[in-house]
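Enquirer:
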Amino acid sequence: MWVKHNRRLAALQVEYAAALEHDAESMAEAIGATAHRGTLWLAAPNGKLARWASASTQYQSAKQMKRVPTGHDSPWISGEAMGAETVRLKDIAKDDRVTPHWRSAIAIPIMVSDGVLPSFAAAVVTFGLESTAVAAWERQEMWEATARDLSRDWGTRLSDIAFNR
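Residue 0 is where the sequence shown starts when you use numbering that gives the first Met the number 0, and the numbers rise one by one after that.
(1) Using a threshold of 9 Å, state whether the C-beta atoms of T85 and G78 are closer than that.
(2) Closer than 8 Å by C-beta to H71: which residues in its own chain qualify, once you throw out the five before and the five after it? Chain order, please.
(3) Tell me whether P68 sits in a helix, a strand or coil according to DSSP, three-state version.
(4) Mind reading off the beta-carbon distance from A49 to L41? Whole number of angstroms is fine, and I expect it under 8 Å.
(5) Cutting at 6 Å between CB atoms, please list the residues of its own chain near S73, excluding the five before and the five after it.
(6) Using a 10 Å radius around the Cβ and a threshold of 16 neighbouring Cβ atoms, would you call A23 buried or exposed?
(7) Bridge partners of H4, per DSSP?
(8) Locate the alpha helix (DSSP H) running through W51, then write down its first and last residues.
(9) If you follow the alpha helix (DSSP H) that R147 is in, where does it begin and where does it stop?
(10) Report yes if the CB atom of A165 is closer than 9 Å to the CB atom of L19, and no otherwise.
(11) Would you mind stating whether A161 and A121 have Cβ atoms separated by less than 9 Å?
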């Protein structure tokens, strides 16, 4: 996955940034709160996740990408979602003077498959939200189908590239 994506870095940065911008709009509509900075975190070597694409940033090299640990004890919500293979939603402490301002973040794990072996988590999509985590969880029935659709669509997109489908 990592190698195949990095071979097509320039083209995929543009494509994925546009998709993430659209996905942020879809999530905002579903969750009932503004969603900021759609970000794709891709599994990287050494058990890390790399901030591989963002609606607001296009990387020129994989060396520029932030890498974070995965697992239930990760300090990053993307790492938690990857380790647990479930949606994570939690409040984020940010300086109110910094914009855009979000109060929570949602992390949606992305499952990939070669079509033969069982699927596995290889990426996470995250969004900053202007609502609190509690408020977002209270509206789960409004956004869970959108989260499921985003996970499926990204899983197909990533699998097609990684497994030459």
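Here a beta-carbon is modelled for each residue, glycine too, at the ideal position from N, C-alpha and C.
Expert: Taking the coordinates as given:
(1) no
(2) E79, G82, A83
(3) strand
(4) 5 Å
(5) E79
(6) buried
(7) Answer is none; H4 lacks a bridge partner.
(8) First-last for W51: 47-53, but that is the beta strand (DSSP E), not the alpha helix (DSSP H).
(9) 139-161
(10) Because the chain spans 0 through 164 in this model, residue 165 falls outside it and cannot be assessed.
(11) yes
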